[in-house]
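Undergrad:
In our numbering, the protein residues as written are 3 to 386.
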């Protein structure tokens with residue numbers, strides 16, 4: 003048993019070393035997005051246009067770091083401010099499936115082809131689902147949503163009673179950048195840390211415990227492997243960042259990259275809690291269409307990805323994790339230690355919540371399960 007635990011920890015530490023610098027980079031970009039790009043501001047682009055709004059929603063959702071739990075109140079706010087059902091559906095799919103942090107860690111733990119295919123598949127899935135929704139259920143009215151112009155640093159003004167020039171000068175660039183970095187290190191990583199560390203441990207268990215032959219036999223490729231991954235990924239709650247080390251471990255064990263991509267797409271975009279919330283937000287038929295289009299697109303993209311690996315004569319098992327080799331070991335070690343230190347406060351909060359009478363139901367450190375609008379709290383802007 004001790005030998006098993008040591009092997010699991012060794013494998014988990016190895017993946018953390020490979021991913022640490024890229025995670026820190028993704029966190030930095032995510033923090034700056036929080037300061038310079040407000041999801042509520044994006045909402046005003048999503049009310050007009052039966053199909054253009056869908057493309058905009060899918061595109062805007064790709065870099066924004068929000069989990070499948072945290073994206074719900076954000077999407078509810080978009081819909082309340084005028085986004086149609088198709089645009090809301092596209093945002094609900096592309097946002098949790100991708101993000102600057104998950105793209106960075108995909109490059110670290112997997113390979114360039116998967117790094118490109120993951121956000122591309124997220125965009126395609128979002129567009130197909132959104133266009134299908136607006137085609138089958140055309141929006142009856144399209145209203146231009148009001149942009150949230152309030153200060154993203156400390157809410158010092160609402161942006162409506164002062165000119166844009168005056169508002170822009172309330173905080174110098176250096177102060178806004180500093181606020182974004184503090185947000186990334188505390189709030190953003192606070193919601194990511196526990197799930198990511200859990201994903202590392204699961205990846206370590208898979209690498210240590212499960213025989214290669216078993217993975218190759220059942221998940222080596224083909225539609226059957228994709229459908230099995232759908233069954234695994236749809237009901238569970240896992241964020242885009244935490245799913246990546248699990249996918250890397252599966253690929254190293256012989257799972258086809260296409261099957262791993264299906265897990266990377268449906269795992270972060272769906273779970274039992276979010277699907278029940280979607281039913282109330284969009285309706286039962288729209289939720290079923292959401293799930294059907296997401297599943298079809300995920301399987302299709304998985305099959306295409308497997309063909310691309312064959313076409314380019316790339317062995318995913320041999321290249322997984324090789325992208326991180328360009329980072330020198332001292333930088334990896336420093337990045338890993340920084341992430342461990344930043345993870346201590348979220349770990350302490352989680353331990354306290356587990357011993358309290360009312361632990362948070364969705365695993366986030368925010369109000370994402372409450373359906374609070376995004377403008378009411380900063381903490382719904384994160385990607386778990």
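Just so it is clear, CB atoms sit at the ideal spot from N, CA and C, and this is done for glycine as well. Owing to the predicted nature of the structure, the values given are computational and were not obtained by experimental measurement.
What is the DSSP secondary structure of residue 193, counted as helix, strand or coil?
TA: Position 191 of the chain shown holds residue 193. Three-state DSSP puts residue 193 in a helix.
Undergrad: Tell me which residue opens and which closes the alpha helix (DSSP H) that residue 233 is part of.
TA: The residue labelled residue 233 in the question sits at position 231 within the chain shown. For residue 233, the uninterrupted alpha helix (DSSP H) run begins and ends at 225-235, by DSSP.
Undergrad: Kindly indicate which residue of 132, 332, 316, 257 has the alpha-carbon position closest to the one of residue 60.
TA: Numbered from 1 along the chain shown, position 58 holds the residue referred to as residue 60. Of the listed residues, the one whose Cα sits closest to residue 60 is 132.
Undergrad: Report the rounded CA-to-CA distance for residue 395 versus residue 321, giving the unit in angstroms.
TA: A query on residue 395 cannot be resolved here, the shown segment of the chain reaching from 3 to 386 and no further.
Undergrad: Examine the Cβ distances between the segment 240-252 and the segment 205-212 and report whether three or more of them are shorter than 8 Å.
TA: yes
Undergrad: Using beta-carbon positions only, say whether residue 95 and residue 296 come within less than 8 Å of one another.
TA: For the purposes of this step, residue 95 is taken as residue 93 along the chain shown, with counting starting at 1. For the purposes of this step, residue 296 is taken as residue 294 along the chain shown, with counting starting at 1. In contact: residue 95 and residue 296 (Cβ atoms closer than 8 Å).
Undergrad: Which residues mark the beginning and the end of the alpha helix (DSSP H) in which residue 337 is found?
TA: The count along the chain shown starts at 1 and reaches residue 337 at position 335. 331-357 is the extent of the alpha helix (DSSP H) around residue 337.
Undergrad: With respect to the alpha helix (DSSP H) encompassing residue 292, which residues constitute its N-terminal and C-terminal limits?
TA: In the chain shown, counting from the first residue as 1, residue 292 sits at position 290. Per DSSP, residue 292 belongs to the alpha helix (DSSP H) from 286-313.
Undergrad: Put residue 212 into one of helix, strand or coil per three-state DSSP.
TA: For this step, residue 212 is matched to residue 210 along the chain shown. Reduced to three states, the DSSP call for residue 212 is coil.
Undergrad: For residue 6, which residues from the same chain have a beta carbon less than 8 Å from its beta carbon, with the 5 sequence-adjacent residues on both sides left out?
TA: Here residue 6 is taken as the residue at index 4 of the chain shown, counted from 1. So the list reads 210, 211, once near-sequence residues are dropped.
Undergrad: Should residue 343 be labelled buried (16 or more other beta-carbon atoms within 10 Å of its own) or exposed?
TA: For this step, residue 343 is matched to residue 341 along the chain shown. Exposed, because fewer than 16 other Cβ atoms sit within 10 Å of the Cβ of residue 343.
Undergrad: Would residue 282 be called buried (16 or more neighbouring beta carbons within 10 Å of its own) or exposed?
TA: Walking along the chain shown from the start, residue 282 turns up at place 280. Looking at its Cβ environment, which holds fewer than 16 other Cβ atoms inside 10 Å, residue 282 is exposed.
Undergrad: With C-beta atoms as the reference, is residue 138 less than 8 Å away from residue 291?
TA: Taking the first residue of the chain shown as 1, we reach residue 138 at position 136. Taking the first residue of the chain shown as 1, we reach residue 291 at position 289. Cβ atoms of residue 138 and residue 291: closer than 8 Å.
Undergrad: For the putative contact between residue 201 and residue 258, defined by C-beta atoms under 8 Å, what is the C-beta separation to the nearest angstrom?
TA: Counted from its first residue, the chain shown places residue 201 at position 199. Counted from its first residue, the chain shown places residue 258 at position 256. With 8 Å as the limit, residue 201 and residue 258 do not qualify as a contact, their Cβ atoms being about 20 Å apart.
Undergrad: First and last residue of the alpha helix (DSSP H) that includes residue 96?
TA: Translated into positions along the chain shown, residue 96 becomes position 94. First-last of the alpha helix (DSSP H) with residue 96: 87-99.
Undergrad: Could you round the C-beta distance between residue 233 and residue 260 to whole angstroms and report it? I think they count as a contact, below 8 Å.
TA: Here residue 233 corresponds to residue number 231 of the chain shown, with the count starting at 1. Here residue 260 corresponds to residue number 258 of the chain shown, with the count starting at 1. Not confirmed; about 16 Å, so no contact.
Undergrad: Between the beta-carbon of residue 301 and the beta-carbon of residue 225, is there less than 8 Å?
TA: Residue mapping note: residue 301 aligns to position 299 of the chain shown, counting from 1. Residue mapping note: residue 225 aligns to position 223 of the chain shown, counting from 1. Yes, the Cβ-Cβ distance between residue 301 and residue 225 is below 8 Å.
Undergrad: Considering only their Cβ atoms, is the gap separating residue 237 from residue 274 smaller than 8 Å?
TA: Numbered from 1 along the chain shown, position 272 holds the residue referred to as residue 274. Numbered from 1 along the chain shown, position 235 holds the residue referred to as residue 237. The answer is yes: Cβ separation under 8 Å.
Undergrad: Check the C-beta distance from residue 105 over to residue 28 and give it rounded, since I have them as a contact under 8 Å.
TA: The residue given as residue 105 occupies position 103 in the chain shown. The residue given as residue 28 occupies position 26 in the chain shown. A Cβ-Cβ separation of about 7 Å places residue 105 in contact with residue 28 under the 8 Å criterion.
Undergrad: Would DSSP call residue 255 helix, strand or coil?
TA: Here residue 255 corresponds to residue number 253 of the chain shown, with the count starting at 1. Coil, per DSSP.
Undergrad: If you draw a straight line from the alpha carbon of residue 100 to that of residue 284, how long is it in whole angstroms?
TA: Start at 1 with the first residue of the chain shown, and residue 100 comes out as number 98. Start at 1 with the first residue of the chain shown, and residue 284 comes out as number 282. So the two alpha carbons sit approximately 22 Å from each other.
Undergrad: Give me the Cα-Cα distance between residue 117 and residue 266, rounded to the nearest whole angstrom.
TA: Along the chain shown, one-based indexing puts residue 117 at 115. Along the chain shown, one-based indexing puts residue 266 at 264. Straight-line Cα distance between these residues: approximately 11 Å.
Undergrad: With distances taken from CA atoms, which of 178, 190, 294 is nearest residue 229?
TA: On the chain shown, residue 229 is found 227 positions in, with the first residue counted as 1. With distances taken between Cα atoms, residue 229 lies closest to 294.
Undergrad: Beta-carbon within less than 6 Å of residue 63's beta-carbon, same chain only, minus the 5 sequence neighbours each way: which residues are those?
TA: For the purposes of this step, residue 63 is taken as the residue at position 61 of the chain shown. So the qualifying residues of the chain are 93, 96, 97.
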